[in-house]
Amino acid sequence: MAGLCGWLSTGGGQDGRDIRERAESLAARHGAGTQHRANPRAACLVRDGWLVEDDQGRIAALVGHPFWRDRELAEYAAAKDHARALLHAWQQYGAGLFDRLGGDFALVVIDTAQGRVLAGVDRIGQQPLHYARIPGGVVFGSTADSVLAHPGLSRTPTAEGLYHYLFFHMLPAPVSLFPGLAKLQGAHCLEAEAGEVQVRPHWQPRFDEPDAADESALGEELRGRLRESVRRRADVDRPGAFLSGGLDSSTVAGMLADVRPGEADTFSIGFHAEGYDELPYARIAAHHFGTRAHEYYVTPEDVVEAVPLIAASYDEPFGNSSALPAYFCARVAADQGVTRMLAGDGGDELFAGNARYAKQGVFEHWGRLPEAARRALEPLFTTLPRGLPVLGKARSYVEQARIPLPDRMQTYNYLHRLAVEDMLAPDFLAAIDRDAPWGLMRDIYHRPAEATSLNRMMYLDWQQTLADNDLRKVSRMVQLAGLDVAYPMLDDDLVEFSCRVPSTLKLQKGRLRHFYKEALSGFLPAEIIDKKKHGFGLPFGVWMHEHAPLREMAYDSLLRLKGQGFLRPAFIDELIRLHREGHSAYYGDFVWILMMLDLWLEAHPADSSVRLPRAAQA
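Residue numbers for the sequence shown follow the working numbering, beginning at 120 and rising by one.
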């Protein structure tokens, strides 16, 4: 697993021997492939990346798949390595180096003599980076565990962190589960000096939509950029590709077959569950492009076997159930000798493929009515009876349309639909800021300048749905299988290109991915273009009814959570009843989210007591 960690400390009683001993201990723990550098004030470790220290004690480290936009720096990196090029860029441009660096990366430069640290991640946040303040400096790392190895930090989960997990089903940057620990959002950097730490964006998207766009020319440009992105990332001995049969995985698989003719391996997952199996579409794509197709059917027994391992592998709780099929897909690829997987994540967030984008567009029609008309109509609609199909839908439409974006995107959130007071214990409720998740979303949504509501929604999803959820899911599962992963859809040039495609082309008259589908028509099979979106969804809720060991494992987890103190025991009992008697798929998803939290806490027993402020405990 590639990553880096380290720290700079100019105070707090640290001495050189202490830092060196800790660095050597961490290096030994991470095993082969780990480099480390340490001096009396700083240390840095890198695994499967680049690391250098010059004769003045300056340390530079870099992991990921970076490339230099600057010709001189690209030549410097080719002649020496990326770490030396990074140190050279730091000396020439300071924090301006981010304008000259592309690809996916996490980096750090430690200027020991000046007591300064610069750290940052790529534009989307494909590579994570955690950090925490320590006396006189900062500690940083690719994982929470690597930062929490510093003795000045606590591993006790906070109520705020747990609440964000329950809200988002993961921990979105900059939020962490642990006190004092934070994460960099995509396109952000950290600068630390004299004990002060500042975090800011080093890049912002510019949604520059032309008044008149040549759709044909844009489509040709898209196809060329996609092919080039896949070509660069397939430059390894044995590349492979995830293939779900959707638009993006089929595109990546097809482009891989184009740039590596006769050598393209694709990997697909199936389920013996009605409504969940997409293998027929994956087979269509594999046959169309002539790939070497590998398939695996996940079973309930696989879930029981692998779920504890998967839950424990994340350094914070992670509730996306499609991590499990991603893991088995990567494991099959590893067995076949593949060294790097190409994943199609990102296309929906760049080119408007999520159903909620179209749905929110329908709600926007209400906001375009004159204010006087809305004031007159709202009392009429909001008093309509809910039980009648047509009138109830009209009332629901107006009630949702009145909620502004981005809040309206969360109307199906479990914490929005279920009464929080009935779910969470009183002490826990008193310890949290219920508005914090909403405030985080609003901050990100309103960050871009001069953007349509569609582009704002997609930008919000870049930061949370992609960086903190889908990419963490795939990257960790691929790493668990011992492989590397790259995301061709998230190439910097493709991201910038997507910002130039008009919103009216991305989503046209309710048709998701309109521009993308038209551009790839003739390359992708018609069945793939016309199919409904699916993905690697897991039939967990349905299987719980059918498979007793899986049901027992899930219910045991829920019962253990009663003892954690932050959920009301009555809510746990009610959730079990609703799953047994109600909508098994809907409530099964929330059972999964809570089960993964419990299994994570079980795998980290020293960290499992929730930290509440004293006022809440009184």
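Idealized CB from N, CA, C, for every residue including glycine.
- request: Using beta-carbon positions only, say whether V240 and A263 come within less than 7 Å of one another.
  value: Start at 1 with the first residue of the sequence shown, and residue 240 comes out as number 121. Start at 1 with the first residue of the sequence shown, and residue 263 comes out as number 144. Contact: no.
- prompt: For the 8 Å Cβ check, are there 3 or more pairs between the stretch 282-300 and the stretch 587-595?
  reply: yes
query: So is G244 buried or exposed if we call it buried at 16+ other beta carbons inside 10 Å?
result: The residue you call residue 244 lines up with position 125 of the sequence shown. Buried: at least 16 other Cβ atoms inside 10 Å.
message: As an exercise, report each continuous alpha helix (DSSP H) stretch of at least 4 residues that is fully enclosed by the stretch 328-372, in chain order.
response: 334-352
task: Out of P688, L720, R619, state which residue places its alpha-carbon closest to the alpha-carbon of E328.
output: Reading the sequence shown from its first residue, position 209 is the one you call residue 328. Ranking the options by Cα distance to E328, first place goes to R619.
- prompt: Can you tell me whether DSSP reads F685 as helix, strand or coil?
  reply: Position 566 of the sequence shown holds residue 685. It is coil, neither helix nor strand.
- request: Taking 7 Å as the cut-off, decide whether the C-beta atoms of R357 and T458 are in contact.
  value: Translated into positions along the sequence shown, residue 357 becomes position 238. Translated into positions along the sequence shown, residue 458 becomes position 339. In contact: R357 and T458 (Cβ atoms closer than 7 Å).
Rounded C-alpha distance that separates A372 from F408: Within the sequence shown, numbered from 1, the residue matching residue 372 stands at position 253. Within the sequence shown, numbered from 1, the residue matching residue 408 stands at position 289. A372 and F408: Cα-Cα distance of roughly 8 Å.
query: Are L127 and G222 closer than 7 Å when you measure CB to CB?
result: Counting from one through the sequence shown, the residue named residue 127 turns up at place 8. Counting from one through the sequence shown, the residue named residue 222 turns up at place 103. No, these two residues do not count as a Cβ contact at 7 Å.
query: What residue ranges within the stretch 228-298 form continuous beta strand (DSSP E) runs of no fewer than 3 residues, ordered along the chain?
result: 235-240, 249-253, 256-260
task: Drop a sphere of 10 angstroms on the beta-carbon of K302, count the other beta-carbons inside from all chains shown, and report buried for 16 or more, exposed for fewer.
output: As a position in the sequence shown, residue 302 is number 183, starting the count at 1. With 16 or more Cβ atoms within 10 Å of its Cβ, K302 is classed as buried.
- prompt: Skipping 5 residues on each side, what residues in its chain have a beta carbon closer than 6 Å to that of Y195?
  reply: As a position in the sequence shown, residue 195 is number 76, starting the count at 1. Taken in chain order, the residues that qualify are A204, H207.
message: Quick check: F361 and C448, are their CB atoms within less than 7 Å of each other?
response: By 1-based counting over the sequence shown, the position of residue 361 is 242. By 1-based counting over the sequence shown, the position of residue 448 is 329. Closer than 7 Å, so yes.
- prompt: Expressed to the nearest angstrom, what Euclidean distance is found between the alpha-carbon atoms of L537 and L285?
  reply: One-based indexing of the sequence shown puts residue 537 at position 418. One-based indexing of the sequence shown puts residue 285 at position 166. Rounded to whole angstroms, L537 to L285 spans 12 Å at the Cα level.
- request: Can you check the stretch 503-544 for any alpha helix (DSSP H) of at least 4 residues that lies completely inside it and give the ranges in chain order?
  value: 508-520, 533-536, 539-542
- prompt: So, helix, strand or coil for R696, using DSSP?
  reply: Locating residue 696 in the sequence shown gives position 577, counting from the first residue. Of the three classes helix, strand and coil, the one that applies to R696 here is helix, per DSSP.
field: For E310, the residue or residues it bridges with in DSSP
entry: Mapped onto the sequence shown, residue 310 falls at position 191. Paired residues: L237, Q317.
- request: Let me know the secondary structure DSSP gives M460 once reduced to three states.
  value: Mapped onto the sequence shown, residue 460 falls at position 341. Here M460 sits in strand by DSSP.
task: Leaving aside the five residues before and after F642 along the sequence, list all residues of the same chain whose C-beta is less than 8 Å from its C-beta, in chain order.
output: As a first step, residue 642 must be located in the sequence shown, where it is residue number 523. Cβ neighbours of F642 beyond the five flanking positions: R342, T370, G373.
- request: Out of R679, H391, Q598, point me to the one whose CA is closest to T418's CA.
  value: Stepping through the sequence shown from its first residue, residue 418 is reached at position 299. Nearest option by C-alpha distance: H391.
message: On the DSSP bridge list, what partners appear for A193?
response: One-based indexing of the sequence shown puts residue 193 at position 74. Partner(s): none; A193 has no beta bridge.
message: What does the alpha-carbon distance come out to for the pair L181 and F659?
response: Within the sequence shown, the letter at position 62 stands for residue 181. Within the sequence shown, the letter at position 540 stands for residue 659. Approximately 39 Å, taken between the alpha carbons.
query: Hey, is the stretch 551-559 in contact with the stretch 209-217, meaning 3+ C-beta pairs nearer than 8 Å?
result: no
query: Could you give the residue range of the beta strand (DSSP E) that holds S387?
result: Along the sequence shown, read from residue 1 onward, the residue named residue 387 stands at position 268. Run containing S387: 384-390, per the beta strand (DSSP E) assignment.
- prompt: Is the beta carbon of R166 less than 7 Å from the beta carbon of G122?
  reply: As a working mapping, residue 166 is identified with position 47 in the sequence shown. As a working mapping, residue 122 is identified with position 3 in the sequence shown. Their beta carbons are under 7 Å apart, which means R166 touches G122 by this criterion.
query: Of the choices I647, S640, D708, whose alpha-carbon is the least far from that of R670?
result: Reading the sequence shown from its first residue, position 551 is the one you call residue 670. The residue with the shortest Cα to Cα distance from R670 is D708.
- prompt: How long is the line joining the alpha carbons of L720 and P545, rounded to whole angstroms?
  reply: For the purposes of this step, residue 720 is taken as the residue at position 601 of the sequence shown. For the purposes of this step, residue 545 is taken as the residue at position 426 of the sequence shown. Between L720 and P545, the C-alpha separation is close to 21 Å.
query: Going along the chain, which residues of its own chain have a beta-carbon closer than 8 Å to the beta-carbon of L624, five neighbours each way excluded?
result: Within the sequence shown, numbered from 1, the residue matching residue 624 stands at position 505. A332, E334, L337, H633, F634, listed in sequence order.
- prompt: When you compare each of C163, V661, M714 to S703 by their alpha carbons, which one comes out closest?
  reply: The count along the sequence shown starts at 1 and reaches residue 703 at position 584. For the residues C163, V661, M714, the minimum Cα distance to S703 belongs to V661.
- request: Just the C-alpha distance for R219 and W187, rounded to the nearest angstrom, thanks.
  value: For the purposes of this step, residue 219 is taken as the residue at position 100 of the sequence shown. For the purposes of this step, residue 187 is taken as the residue at position 68 of the sequence shown. Those two C-alpha atoms are separated by around 6 Å.
- prompt: Apart from the five residues just before and just after S368, which ones in its own chain have a Cβ nearer than 6 Å to its Cβ?
  reply: Indexing the sequence shown from 1 puts residue 368 at position 249. So the list reads F361, L362, G463, once near-sequence residues are dropped.
- prompt: In this structure, does DSSP put D610 in helix, strand or coil?
  reply: Stepping through the sequence shown from its first residue, residue 610 is reached at position 491. DSSP places D610 in coil when its eight states are reduced to three.
field: Backbone secondary structure at Q154 - three-state DSSP
entry: For the purposes of this step, residue 154 is identified with residue 35 of the sequence shown, where counting begins at 1. If DSSP states are grouped into helix, strand and coil, Q154 belongs with the strands.
- prompt: So, is A251 buried or exposed, given that buried needs 16 or more other C-beta atoms within 10 angstroms?
  reply: As a first step, residue 251 is located in the sequence shown; it is residue number 132 there, counting from the start. A251 comes out buried.
- request: Within its chain, find whatever has a CB closer than 8 Å to the CB of R687; leave out the 5 residues flanking it on each side and keep chain order.
  value: Here residue 687 refers to the residue found at position 568 when the sequence shown is read from its first residue. The residues are D541, M542, L543, A544.
message: For Q598, tell me which candidate among A353, H406, S432, H535 has the shortest Cα-Cα distance.
response: If you number the sequence shown from 1, residue 598 lands on position 479. Closest option to Q598, Cα to Cα, is S432.
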